[in-house]
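For the sequence shown, counting from 1, position 40 maps to 223 in my numbering; every step adds exactly one. Every residue, glycine too, gets a C-beta built ideally from N, C-alpha and C. Just so it is clear, the structure is predicted and the values come from calculations on it, not from any experiment. Here's the structure we're looking at; comments come further down.
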Amino acid sequence: MKACVVQELSGPSGIVYTDIDDIPDDGDKIVVDVRAAGVCFPDLLLSKGEYQLKLPPPFVPGLETAGVVRYAPPGSGFHVGERVSAFGVLGCYAEKVAVPVSNVVRSPAELDDAEAVSLLVNYNTMYFALARRAAMRPGNTVLVLGAAGGWARPPSSLPRRWAHAR
Numbered sequence: 184m185k186a187c188v189v190q191e192l193s194g195p196s197g198i199v200y201t202d203i204d205d206i207p208d209d210g211d212k213i214v215v216d217v218r219a220a221g222v223c224f225p226d227l228l229l230s231k232g233e234y235q236l237k238l239p240p241p242f243v244p245g246l247e248t249a250g251v252v253r254y255a256p257p258g259s260g261f262h263v264g265e266r267v268s269a270f271g272v273l274g275c276y277a278e279k280v281a282v283p284v285s286n287v288v289r290s291p292a293e294l295d296d297a298e299a300v301s302l303l304v305n306y307n308t309m310y311f312a313l314a315r316r317a318a319m320r321p322g323n324t325v326l327v328l329g330a331a332g333g334w335a336r337p338p339s340s341l342p343r344r345w346a347h348a349r
């Protein structure tokens, strides 16, 4: 199978499109045929060896993907052919990626794969910032400056989804 592989920690110039070992369609993980992979800042940092997770080359970057289930373990609740998105696992810059069941969600029907994958890192980052770091509670006020683009939309929409945040 083909993948974008970090061969040296020099940033994007160290990434090579090449053949890698195929992923077996078995085991306890969902295998996703990748249709779209997000490009996010942690991927750049990983390719330069500057992310908090330090990986020696070669490795396949990519933390978020959208695609179609190729294999689903029994009892996972997912089925072959189902459109899904996955987050929080490396290897998404490949034709297929194996993902823990807990990291997979169904892609919204109204979004194409490129749109669905664009939500993952942005919304998870903002959820972490608002819910875990800021400990936002019902009734809190959130000020969002410049609510445009991928990083600004989540904090302007997430609080409204939580009970009575303004």
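Excluding sequence positions up to five before and after residue 220, its CB lies within less than 6 Å of the CB of 245, 248, 275 and 276, all in the same chain and listed in chain order. Secondary structure in the segment 220–265: the alpha helix (DSSP H) runs of 4 residues or longer, each lying completely within the stretch, are 224–231 in chain order. Around the beta carbon of residue 207, fewer than 16 other beta carbons sit within 10 angstroms, so the residue counts as exposed. Look at residue 216 here: in three-state DSSP terms it is strand. Residue 317 sits in coil when the DSSP states are folded into three classes, being neither helix nor strand.
DSSP places residue 284 within a helical segment (H, G or I) once states are collapsed to three. It is roughly 9 Å from the alpha-carbon of residue 190 to the alpha-carbon of residue 230. Looking at 319, 198 and 193, the one whose alpha-carbon comes closest to that of residue 232 is 193. A check of alpha carbon separations from residue 260 across 187, 328 and 212 identifies 212 as the nearest. 8 Å or more divides the Cβ of residue 288 from the Cβ of residue 215.
Beta-bridge partners assigned by DSSP to residue 201: 186.
Rounded to whole angstroms, the separation of the alpha carbons of residue 256 and residue 217 is 18 Å.
Within the DSSP secondary-structure output, residue 268 pairs in a beta bridge with 249 and 288. Per DSSP, the continuous alpha helix (DSSP H) segment holding residue 302 begins and ends at 296–310. DSSP places residue 207 in the coil class of the three-state scheme, outside both helix and strand.
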